[in-house]
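Here's the structure we're looking at; comments come further down.
2 protein chains.
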Amino acid sequence: MQRIATISDVAHLAGVSVATASKALNGKDQVRAETRQRVLEAAEQLSFKPNPAARSLLGGPTKTVGLLTSDSVGRFGIPVLLGAEDAFGAGEMAVLLCDARGDSIREQHYIRTLLARRVDGIIVVGESTDARPSISRELGVPVVYAYGPSDDPDDVSFVPDDLEGSRTAIKHLVTLGRRRIAHVTGLATYQAARERAEGAAAALDDAGLEPGPVFWGQWSQRWGRQAAAMVLHADPDVDAVFCGSDQIAAGFVEAARERGRRIPEDIAVVGYDNWEVLAAESRPPLTTIDPNLEVLGRTAAQHLFAAIDGRATPGVHRMPVQLVIRDST
Amino acid sequence: MQRIATISDVAHLAGVSVATASKALNGKDQVRAETRQRVLEAAEQLSFKPNPAARSLLGGPTKTVGLLTSDSVGRFGIPVLLGAEDAFGAGEMAVLLCDARGDSIREQHYIRTLLARRVDGIIVVGESTDARPSISRELGVPVVYAYGPSDDPDDVSFVPDDLEGSRTAIKHLVTLGRRRIAHVTGLATYQAARERAEGAAAALDDAGLEPGPVFWGQWSQRWGRQAAAMVLHADPDVDAVFCGSDQIAAGFVEAARERGRRIPEDIAVVGYDNWEVLAAESRPPLTTIDPNLEVLGRTAAQHLFAAIDGRATPGVHRMPVQLVIRDST
DNA sequence: CGAAAAACTGAAAAGGTTTTCGGAAATGTA
DNA sequence: TACATTTCCGAAAACCTTTTCAGTTTTTCG
């Protein structure tokens, strides 16, 4: 294993001083084209890469960002994280991954570590769309929140537009001629559940329909199955159900089919999340709302770039979601 | 925004020189206990963290490792990755995340980036248990492979013990008194599918049973459903099925129930992967093999530590898996 | 041709930490 | 008290790169 080349080696080989070599390599315009060429060739020959440690010591950007996830075992953080990683990798940013596991002590520890490493910025990936305490105060580096917004409206946050997503779902059902539309969703303690219910109610209202009943429960397939019984009992003529998640929807269609309802003929079902393994493998495959989490992550990353350049865009930005039509409607 | 404290700040506050402060903080034995205490307190007060850039400039370790995933959109890489991150976070390693997206050009690019940043080591997280080309040659830093082993037996690799896992599954079924055991699994192009089938056959043989038929197909719920028809047609008296994944198992139980078979009374079913959302939410919840991927990731990380210290343990290490008993057996 | 301007180059400093080595203080010995 | 040891501390160098500034060479223009 050969010793790693330093800029002095390059300068020496090219027959110039280190200062000139540095300028040539960094495209400064204080060096003759011919000299630059010589330096570049020398660098190529030694396969020289500047030592980022030395570079960052000067106070310049470290080309490193922190990716702080509160609890990434969960399913939603992952695509956001990947989208962000993708955007950073494209620019030559490196990503330091920190998983605080929902522990705020750990989170503090990681924040200190990231600062000690002089990251240029931090993305905080939330585990739910509920607002979380801001970490941006007095940090000295820009922070962007993805999925789970900061509770400080002056911070930069990106969340999926659940309000619009549920409106889209309901509009879709109305367009199909459905009139008796129930909503089965998860825990009301979740912002996501509340917003989706709210959006659905608004859309029903827009369509001149009576807002149907809302069934709050768990984010589980089991609850979907239980809810099927309740929904069918409450209104045997229900002709559509909008579910707050694909898990719930999968449970619902399963139980509804067992009770002799045909999906989508008797009851059209729309899910939420576009969780492929459930939505595409369910029988029938589920029409659902795709929150485009990778795009959200990527966008957040791009805005972190902007913020690092001093062009922050404060506020909670709602990212567009998408209706994916399959066979359940 | 507070300026980040340097060791000079600490030294000044403690009333000593930077040299002494450094020695005190690093546990050198050339400093009086009392002085050390003063320095430690000052450091605490300023929440001082040494600048890793400056440190690594001296040629010491950067306390940074690369986590290179080939295609982490997949489901299996994630827990491994989290396990590794967990182990590193505990030691004060930082983790640089790189997702090559299955593109070897990208992978090369990332490897170069990681080397330029002088990482102390690299973990390569595979997407399947199939062997992948080694990257370790001439790299200058230790590499450990997790989940997907390297094709070079001199490298350090950690894989789930699928052979043992499938034996355990079959033994469990045999213990329950089942005798006509079928195996439904995924694509034979996957090492995982082949090993699981092999382990199952071996275990059946050990039990003195005729190796049952193996149904090769997709890794999908749909295939599980189709397979149910085929299995029941091939042997109407089948009393147990070992599935190569929870997805397949979930499809199988669903279709088998529809055909009037009771699970587990008529047919006991064992899945593989312990993918909670499927295994726990299926009806009935699935007995399954948990490959302990987080543990695998953590172990790989610990062995990377060891390799960095010069204590590498070459070879492909098979990590124990675990039978999780639920209601399907 | 001479002077002014422009273009180019290099020495040196800065950034934070560790390590080495010399010096000072404290302790032990005669 | 004088000297030898041991213990503790601090000055300075080293790590690698970028940037500033001053010096030197080349070009431009009258």
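Sequence order for the protein chains is A and B. Per this note's numbering, the first sequence starts with residue 1280, numbered consecutively. Per this note's numbering, the second sequence starts with residue 1280, numbered consecutively. All C-beta atoms, glycine included, are put in the ideal place defined by N, C-alpha and C.
- Rounded to whole angstroms, A:Val-1289 and B:Val-1310 show a C-alpha spacing of 41 Å.
- Taking every protein chain shown into account, the CB of A:Asp-1434 has 16 or more other CB atoms within 10 angstroms, so this residue is buried.
- Nearest C-alpha to B:Tyr-1426 among B:Gly-1478, B:Glu-1364, B:Gly-1419 and B:Thr-1348: B:Thr-1348.
- Using a Cβ-Cβ cut-off of 8 Å, A:Gln-1500 counts as an interface residue toward chain B, since at least one Cβ of chain B sits closer than that to its own.
- Residue contact check for A:Ile-1527 against chain B: no CB pair falls below 8 Å.
- A:Gly-1503 is positioned such that its CB atom lies closer than 8 Å to that of A:Ala-1529.
- Under the three-pair Cβ rule at 8 Å, the segment 1352-1366 of chain B counts as touching the segment 1570-1582 of chain B.
- Interface residue (Cβ-Cβ distance to chain B less than 8 Å): A:Ser-1413 is not classified as such.
- For A:Asp-1569, the enclosing beta strand (DSSP E) begins and ends at 1566-1569.
- For B:Ser-1436, DSSP records a beta bridge to B:Tyr-1424 and B:Val-1595.
- Following the DSSP letters along the chain, one finds A:Ile-1527 inside the alpha helix (DSSP H) bounded by residues 1525-1537.
- Within the segment 1365-1428 of chain B, the complete beta strand (DSSP E) runs of at least 3 residues fall at 1373-1378, 1400-1404 and 1422-1425.
- Residue burial annotation: A:Gln-1324 is exposed, with fewer than 16 other C-beta atoms found within 10 angstroms of its C-beta.
- Of the candidates A:Leu-1565, A:Gln-1470, A:Gln-1581 and A:Asp-1525, A:Asp-1525 places its Cα closest to the Cα of B:Val-1556.
- The three-state reading of DSSP puts A:Thr-1285 in coil, since its state is none of H, G, I, E or B.
- When Cβ-Cβ separations below 8 Å define contact, B:Cys-1377 makes contact with chain A.
- Taking a C-beta distance under 8 Å as the contact criterion, B:Asp-1382 and B:Ala-1461 do not qualify as a contact pair.
- Judged by DSSP in its simplified three-state form, A:Ile-1460 adopts strand.
- Nearest in C-alpha terms to A:Ser-1499, of all of B:Glu-1560, B:Ala-1534 and B:Ile-1283, is B:Glu-1560.
- Per the Cβ contact rule, the segment 1528-1546 of chain B is not in contact with the segment 1479-1497 of chain B (fewer than 3 Cβ pairs under 8 Å).
- Three or more beta-carbon pairs drawn from the segment 1384-1399 of chain B and the segment 1328-1345 of chain B are found closer than 8 Å, and the two stretches are therefore classed as touching.
- By a beta-carbon distance limit of 8 Å, A:Ala-1519 does not contact A:Ala-1476. Their separation comes to about 15 Å.
- Only exposed fits A:Pro-1593, as fewer than 16 other CB atoms lie within 10 angstroms of its CB.
- Within the same chain, Ile-1390, Leu-1394 and Ile-1401 come within 8 Å of B:Leu-1418 by CB-CB distance, once the 5 residues on both sides are set aside.
- About 5 Å separates the beta carbon of A:Leu-1336 from that of B:Ala-1332, a gap short enough to meet the 8 Å contact definition.
- In the three-state DSSP reduction, A:Leu-1319 falls in the helix class (H, G or I).
- For A:Gly-1339, the three-state secondary structure derived from DSSP is coil.
- One Cα belongs to B:Gln-1497, the other to B:Pro-1490, and the distance between them is close to 21 Å.
- B:Glu-1313 is classed as exposed because its beta carbon has fewer than 16 other beta carbons within 10 Å across all chains shown.
- Listed along chain A, the residues sitting closer than 7 Å to B:Ala-1395 by beta-carbon distance are Lys-1328 and Pro-1331.
- Around the beta carbon of B:Gln-1505, 16 or more other beta carbons lie within 10 angstroms, which makes this residue buried.
- Secondary structure at A:Gln-1497: coil, using DSSP grouped into helix, strand and coil.
- Between the alpha carbons of A:Arg-1577 and A:Ala-1366 lies a distance of about 5 Å.
- When secondary structure is reduced to three states using DSSP, A:Leu-1455 falls in the coil class, being assigned neither helix nor strand.
- Around the C-beta of A:Ser-1326, fewer than 16 other C-beta atoms lie within 10 Å, and the residue is accordingly described as exposed.
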